[in-house]
Amino acid sequence: MPGMGWEPGLVFADLTPEEMVQVVRYLQHSLGVPLVDASQANPSDNCIYYVDVQLPTKAEALGFLDRGGRRPPRQALAVVYFGNQPDPNVTEYVVGPLPKPTTHQDITVQKYGGKLPYHRRPVLGKEYEQIAGYLRRTAFPTALTFLNRVFDYDGTNLAALTSAPRGFQSGDRNTWFALFHNVSGYFLHPVGLEVLVDHSSLNVSQWQVRKVFYNGQYYEDLVQLESEFQQGRVKVDPVTRAPPDGGFSSMQPRAPPRAPFPLQYEPHGPRYSVRNNQVVSWVWSFAFGVNVNTGIRLFDIRFKGERIVYEISVQDAMSVYGSNCPGGMSTRYMDGSFGIGRFTYPLVRGVDCPYSATYVDTHYLVETETPEMHKNSICIFEQNSGSPLRRHYSNLQSLYYGGLTNSALVLRSIATLGNYDYVWDFIFYQNGAIEAKVQATGYMTSSFLYGDGLDYGNRVGDRTLGTVHTHSINYKVDLDVGGVNNTVVAHDMAFESVQAPWSPEHQIQRPRLTKAVLDTEDKAAFRLHSNMPRYIYFAANGENKWGHQRGYRIQIVSFAGKHLPETSLMERAISWGRYKLAVTKRKEEEPTSSSIYNQNDPWTPTVAFADFINNETIVNEDLVAWITTGFLHIPHAEDIPNTVTVGNGVSIFLRPYNYYDIDPSIYSPDGVFFTSEQDSSVCEVNHIACLSKSASCLPILPPFTYDGFQNLTRL
Ligand SMILES: [Cu+2]
1 MPGMGWEPGL VFADLTPEEM VQVVRYLQHS LGVPLVDASQ ANPSDNCIYY
51 VDVQLPTKAE ALGFLDRGGR RPPRQALAVV YFGNQPDPNV TEYVVGPLPK
101 PTTHQDITVQ KYGGKLPYHR RPVLGKEYEQ IAGYLRRTAF PTALTFLNRV
151 FDYDGTNLAA LTSAPRGFQS GDRNTWFALF HNVSGYFLHP VGLEVLVDHS
201 SLNVSQWQVR KVFYNGQYYE DLVQLESEFQ QGRVKVDPVT RAPPDGGFSS
251 MQPRAPPRAP FPLQYEPHGP RYSVRNNQVV SWVWSFAFGV NVNTGIRLFD
301 IRFKGERIVY EISVQDAMSV YGSNCPGGMS TRYMDGSFGI GRFTYPLVRG
351 VDCPYSATYV DTHYLVETET PEMHKNSICI FEQNSGSPLR RHYSNLQSLY
401 YGGLTNSALV LRSIATLGNY DYVWDFIFYQ NGAIEAKVQA TGYMTSSFLY
451 GDGLDYGNRV GDRTLGTVHT HSINYKVDLD VGGVNNTVVA HDMAFESVQA
501 PWSPEHQIQR PRLTKAVLDT EDKAAFRLHS NMPRYIYFAA NGENKWGHQR
551 GYRIQIVSFA GKHLPETSLM ERAISWGRYK LAVTKRKEEE PTSSSIYNQN
601 DPWTPTVAFA DFINNETIVN EDLVAWITTG FLHIPHAEDI PNTVTVGNGV
651 SIFLRPYNYY DIDPSIYSPD GVFFTSEQDS SVCEVNHIAC LSKSASCLPI
701 LPPFTYDGFQ NLTRL
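Everything in the sequence shown is counted per full-length UniProt numbering, starting at 1 for the first residue and increasing by one.
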């Protein structure tokens with residue numbers, strides 16, 4: 001990769017598999033301790049959790065991109081679990097330079113202000129396997145009569161789903177596992193049994209069941225449940241065993257295919273190019289990557305060569321559940337901790353993305369010592385919405401038509417986090433607007449329906465309660481509008497009462513612009529339910545032709561409600577959810593609004609976003625907008641088998657506001673204009689009239705392939 005033809009966007013590129021291998025090799029030789037492959041590691045071992053790229057600082061990157069400075073050295077971030085130490089901990093190293101590392105630097109204290117206690121570590125796949133093994137071999141055999149009689153338990157027909165967080169205070173690692181019939185779509189087949197496992201000990205043989213829940217009653221352990229069952233004191237509500245395909249939860253279509261659905265194609269091939277991690281179209285260009293934890297991130301987004309955004313990235317996705325079952329009621333998933341990026345899987349042509357989209361592979365090194373490829377896990381395409389970006393038909397004075405197809409460039413990936421799937425879109429429009437959109441689909445998770453369950457959701461199956469929950473998503477948007485330094489300006493409208501100048505005895509309620517500079521972080525932090533000016537934009541130092549500060553406006557489409565009461569002891573861990581929009585001074589020390597260590601110790605958050613807001617002056621500074629969007633999900637019958645994307649999407653828009661002198665889409669070669677004097681059926685007058693000649697061939701579609709089921713470890 002280095003050497004001749006090194007492209008600027010590679011500054012932001014994810015690690016190549018070769019680079020990952022070099023980092024692992026280097027660590028194995030240089031850490032001076034035995035490392036076990038994480039897929040085999042006990043809690044009491046040392047292992048590499050993940051390796052990802054360590055991006056250069058913004059100053060370094062811009063020095064190289066804009067000022068002809070030296071190319072920043074390629075570096076990796078390696079996260080290592082040290083379980084085999086007197087003081088077990090997680091350590092983060094910067095390893096470099098790549099491709100042949102020679103040094104590693106422990107950045108943990110500098111990055112987090114202290115060491116990372118071991119109990120904060122995300123749970124490894126191996127640890128889940130060990131918990132499943134513990135339940136199967138040690139815990140369940142103490143309640144075999146109960147399990148056999150009530151669930152036909154045969155050692156394999158129950159599946160467990162983890163909840164999180166895992167306890168009530170720092171150091172706890174007590175996880176409620178809800179049990180389901182192990183069939184296709186098992187999330188919809190709860191059996192009413194939930195088990196609280198204490199897996200805090202690094203010695204697996206010390207793990208214990210701390211509590212058991214069955215059908216509304218709590219028991220000290222499975223032994224007690226078994227004995228009460230044998231004495232006939234357990235109220236049993238058996239669930240009928242689901243067929244292997246899941247029955248109502250099956251995604252098998254209930255109808256045979258008929259005529260193919262409409263397809264899009266590009267008559268003259270793609271009008272964009274994808275080279276390595278860079279996408280270029282006739283107006284847009286950007287670099288992309290996938291962070292192991294947080295997912296898609298885009299850098300150096302330019303419209304007609306001018307940088308608009310330095311970085312836009314997903315920060316975290318959170319869901320808070322309600323239920324009358326223990327696992328459900330304690331669930332506050334922070335998906336970044338499980339890994340939004342690493343669970344980005346191969347996309348299916350024609351369904352997940354347009355059939356003819358460009359598909360890109362991604363590579364990860366997580367919980368293993370060998371890189372794993374996720375084929376076709378990002379797609380890029382130009383999407384014709386089939387509707388106008390703008391149009392006007394004139395039948396007054398002169399007769400003409402003018403319009404422009406709304407065709408936008410899209411980058412998409414889809415992350416599957418256990419039961420549900422998030423579709424992440426970044427959409428680039430011809431008028432200079434950017435949209436970051438997320439849609440939720442996949443299976444809901446559910447609780448066993450008993451007692452007052454209907455206070456926490458709708459019944460969606462025999463004994464299945466679709467439990468109420470929130471979806472909140474946080475984005476980081478580092479806008480650089482007409483330069484790095486910007487100011488936040490708010491415009492809105494207020495009515496003023498005035499006497500009509502020509503008739504003073506009459507009042508006119510006149511809308512008037514209100515304008516304000518939000519000059520401190522506190523003024524630019526908008527709580528969820530606060531009144532936010534309807535126009536908020538990042539203003540540049542320069543002006544457009546009409547004398548207005550050039551700007552890009554932030555517009556949020558969200559249905560989010562309260563993320564969690566601030567009285568909750570874990571609220572600080574997700575305090576990004578307090579704000580629909582917060583603008584802070586950009587700092588290298590505040591790279592993310594959340595942390596993978598927050599999920600398992602939200603009571604002592606490793607990163608507390610609320611601390612970023614400390615009333616600093618934000619006039620003419622490098623600024624970052626942190627934006628929360630989301631919606632409430634009350635699952636209902638039509639969420640079976642899957643939640644649909646329709647209506648379950650939220651967005652943020654970045655739109656030009658006096659940035660240009662005129663709508664830049666007027667320069668689009670797709671524009672159409674003809675008058676009543678012209679023959680609109682002639683190619684030279686109207687290029688759409690050429691389509692029947694130039695675009696009437698059948699598209700040549702590549703054969704369908706899918707690599708989504710390779711190299712998967714089953715948990
Ligand atoms: Cu949902």
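We put the CB at the ideal spot given by N, CA and C, even for glycine.
The beta-carbon distance between V607 and N598, rounded to whole angstroms, is 6 angstroms. This is short enough to meet the 8 angstroms contact definition.
Per DSSP, the beta-bridge partners of R527 are Y579. Any heavy atom of ligand 1 within less than 7 angstroms of a residue's beta carbon puts that residue on the list, which reads S319, Y420, A440, M444, H469, H471, H633, P635, T643.
The Cβ neighbour count for P656, taken over all protein chains shown within 10 Å, is at least 16; the residue is labelled buried. Residue burial annotation: R510 is exposed, with fewer than 16 other C-beta atoms found within 10 angstroms of its C-beta. The way I'd put it, the region 92-105 does touch the region 56-75; three or more beta-carbon pairs between them come closer than 8 angstroms.
Beta bridge pairing from DSSP links Y659 with no other residue.
For the pair T142 and E226, the CB atoms are nearer than the 8 angstroms cut-off. By the C-beta density criterion, E521 is buried, having at least 16 other C-beta atoms within 10 angstroms. At the C-beta level, G547 and Y537 stay beyond 8 angstroms of one another. As the crow flies, the alpha-carbon of L404 is around 12 angstroms from that of F674. A Cβ-Cβ contact shorter than 8 angstroms links V650 with V557. Bounds of the beta strand (DSSP E) holding M318 are 306-320. The beta-bridge partner set that DSSP reports for S205 is empty. When DSSP states are grouped into helix, strand and coil, N485 belongs to the strand group.
For the pair A408 and Y706, the Cα-to-Cα distance works out to about 26 angstroms.
Around the CB of M334, 16 or more other CB atoms lie within 10 Å, so the residue is classed as buried. Here the alpha carbon of L55 sits roughly 13 angstroms from the alpha carbon of E589.
Counting along the chain, E129 sits inside the alpha helix (DSSP H) bounded by residues 125-134. Just so you know, the alpha carbons of S377 and E220 end up roughly 45 angstroms apart. With 16 or more other Cβ atoms inside 10 Å of its own Cβ, P190 counts as buried. The alpha-carbon of Y345 is positioned some 31 angstroms away from that of G167. Contact between the region 325-340 and the region 568-576 is present: 3 or more CB-CB pairs across the two stretches fall below 8 angstroms. Every candidate alpha helix (DSSP H) stretch fails here, since none sits fully inside the region 430-470 while reaching 4 residues.
Under DSSP, L404 takes part in a beta bridge, and its partners are R390. Apart from sequence neighbours up to five positions away, the residues of its chain that approach I688 with a beta-carbon distance below 7 angstroms are V672, ordered along the chain. Using a C-beta cut-off of 8 angstroms, the region 338-358 makes contact with the region 282-297, since at least three inter-stretch Cβ pairs fall below that distance. Non-local beta-carbon contacts of V209 in its own chain, meaning distances under 7 angstroms to residues more than five positions away in sequence, involve A139, V195, L196, V197, D221, L222 in chain order.
When F64, S30, K58, S398 are compared, the shortest CA-CA separation from A78 is found for S30. For N84, the closest alpha carbon among the candidates R578, T102, V488, N46 is that of N46. In this structure L135 touches A160 by the C-beta definition: roughly 7 angstroms separates them, less than 8 angstroms. Taking S249 as the centre and dropping the five residues before and after it, the same chain places the C-beta of G185, L188, P641 closer than 6 angstroms to its C-beta, in chain order. Within the model, the alpha-carbon separation for V279 versus C379 is close to 11 angstroms.
Counting only residues of its own chain and dropping the five nearest sequence neighbours on each side, H392 has a CB closer than 6 angstroms to the CB of G402. DSSP places C690 within a helical segment (H, G or I) once states are collapsed to three.
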